[in-house]
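Novice:
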Amino acid sequence: MNYISSQFANPRGILGRFFGLLMAQTNQAKDDWTIKMLNVEPEDHILEIGFGSGLAIQKMSRITKCGFIAGIDRSEVMLNQASNRNRQAIERGLVELKHGEVAHLPYGDKTFDKAISSNSHFFWINPVESLKEVRRVLKPGGLIVLTWQPRWAKTEAMLTESAQNTTAQLKVAGFIDIQLKFKAMKPVSCICLQGIK
Numbered sequence: 055m056n057y058i059s060s061q062f063a064n065p066r067g068i069l070g071r072f073f074g075l076l077m078a079q080t081n082q083a084k085d086d087w088t089i090k091m092l093n094v095e096p097e098d099h100i101l102e103i104g105f106g107s108g109l110a111i112q113k114m115s116r117i118t119k120c121g122f123i124a125g126i127d128r129s130e131v132m133l134n135q136a137s138n139r140n141r142q143a144i145e146r147g148l149v150e151l152k153h154g155e156v157a158h159l160p161y162g163d164k165t166f167d168k169a170i171s172s173n174s175h176f177f178w179i180n181p182v183e184s185l186k187e188v189r190r191v192l193k194p195g196g197l198i199v200l201t202w203q204p205r206w207a208k209t210e211a212m213l214t215e216s217a218q219n220t221t222a223q224l225k226v227a228g229f230i231d232i233q234l235k236f237k238a239m240k241p242v243s244c245i246c247l248q249g250i251k
């Protein structure tokens, strides 16, 4: 992984702050679509893995008036940005943000109704084991939504291959009723996978 890619995976330092602001700007349409695919309800308990700038959490917290949103991110820089962005919701107890890894979620079994990860699961060290960990913290019937915009994909075949690989990982992790959707975006289509615990 080169330095630029590593900054997207785990933003650090001054350049990391810049990458966080850049991602907040360039990912808005994808985040909006991701939230739509999650079908957020006012009472939902939601986990976001790799929350980045915290923009999606901010948008979801406007809907979950009597629910709760937790987020985990490996980047201290993103934790600071997202905490500043969501300060009021954190103070009201509607949002909790933590530094950590998806492989070791600091939550009990069957805690969340829904889980979301956008443009981050392909950075997970062991995707299948991490998906099993997400499944552990979901309630029975809980929904996971993974979205990503594979900017490295130069052909439709590469898009399809990326979707097929992640679908297989979800199945091995124990998710069922997996749904695949594409949304035309620039510079490359966005992929969404939904799965049920």
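The sequence shown runs contiguously to residue 251 in our numbering.
Just so you know, even glycine gets a beta-carbon here, dropped at the ideal spot from N, CA and C.
None of the values given here were measured: they were computed from a predicted structure.
Quick check on the DSSP output: the beta strand (DSSP E) that includes Ser171 runs from which residue to which?
Specialist: Counting along the chain, the beta strand (DSSP E) containing Ser171 begins and ends at 166–172.
Novice: Count the other C-beta atoms from every protein chain shown that fall within 10 angstroms of the C-beta of Pro181, then say buried if there are 16 or more, exposed otherwise.
Specialist: Result: buried.
Novice: Leaving out the 5 sequence neighbours to the left and right, which residues in its chain are closer than 6 Å to Trp87 when beta-carbon positions are compared?
Specialist: For Trp87, where only same-chain residues beyond five positions count, the Cβ hits under 6 Å are Lys237.
Novice: Alpha carbons only, please: which of Gly154, Ser129, Gly125 is nearest the one belonging to Asn140?
Specialist: Selected option, being the one with the closest Cα: Gly125.
Novice: Residues bridged to Trp202 by DSSP?
Specialist: In DSSP, Trp202 forms a bridge with Ile245.
Novice: Taking the alpha carbon of Leu247 as the point to measure from, which residue in Met239, Pro241, Lys240, Ile232 has its own alpha carbon closest?
Specialist: Nearest C-alpha to Leu247: Ile232.
Novice: By Cβ distance, which residues of its chain are closer than 6 Å to Asn173, with the 5 residues on each side in sequence left out?
Specialist: So the list reads Trp202, once near-sequence residues are dropped.
Novice: Asp86 by DSSP, collapsed to three states: which one?
Specialist: Of the three classes helix, strand and coil, the one that applies to Asp86 here is helix, per DSSP.
Novice: Tell me which residue opens and which closes the alpha helix (DSSP H) that Val94 is part of.
Specialist: Where Val94 is concerned, there is no enclosing alpha helix (DSSP H), given that its DSSP letter is neither H nor E.
Novice: According to DSSP, simplified to helix, strand and coil, what is Lys186?
Specialist: In this structure, Lys186 counts as helix in the three-state DSSP scheme.
Novice: Spatial neighbours of Val114 within its chain, please: C-beta separation below 7 Å, excluding the five flanking residues on both sides.
Specialist: Note on identity: in this sequence residue 114 is Met, with Val being the wrong assignment. Contacts found: Ile89, Val94, Ile100, Ile123.
Novice: Leaving out the 5 sequence neighbours to the left and right, which residues in its chain are closer than 6 Å to Ile230 when beta-carbon positions are compared?
Specialist: Same-chain partners within the cutoff: Ile250.
Novice: Straight-line CA distance for Ala143 to Asp98?
Specialist: The straight-line gap from Cα to Cα measures roughly 15 Å.
Novice: In the DSSP assignment, find the unbroken alpha helix (DSSP H) run with Lys225 in it and report its ends.
Specialist: 210–226 is the span of the alpha helix (DSSP H), which, as asked, contains Lys225.
Novice: Considering only DSSP beta bridges, list what Gln233 is partnered with.
Specialist: DSSP, once it has assigned bridges, lists Gln248 as partnering Gln233.
Novice: Can you tell me where the beta strand (DSSP E) holding Lys152 begins and where it ends?
Specialist: Unbroken beta strand (DSSP E) run through Lys152: 149–153.
Novice: In three-state terms, what does DSSP make of Ala157?
Specialist: The answer is helix: DSSP assigns Ala157 an H, G or I state.
Novice: Leu133 and Glu153 - do their beta-carbons sit closer together than 9 Å?
Specialist: Sequence check: residue 153 is His here, not Glu. Yes, they are a contact pair.
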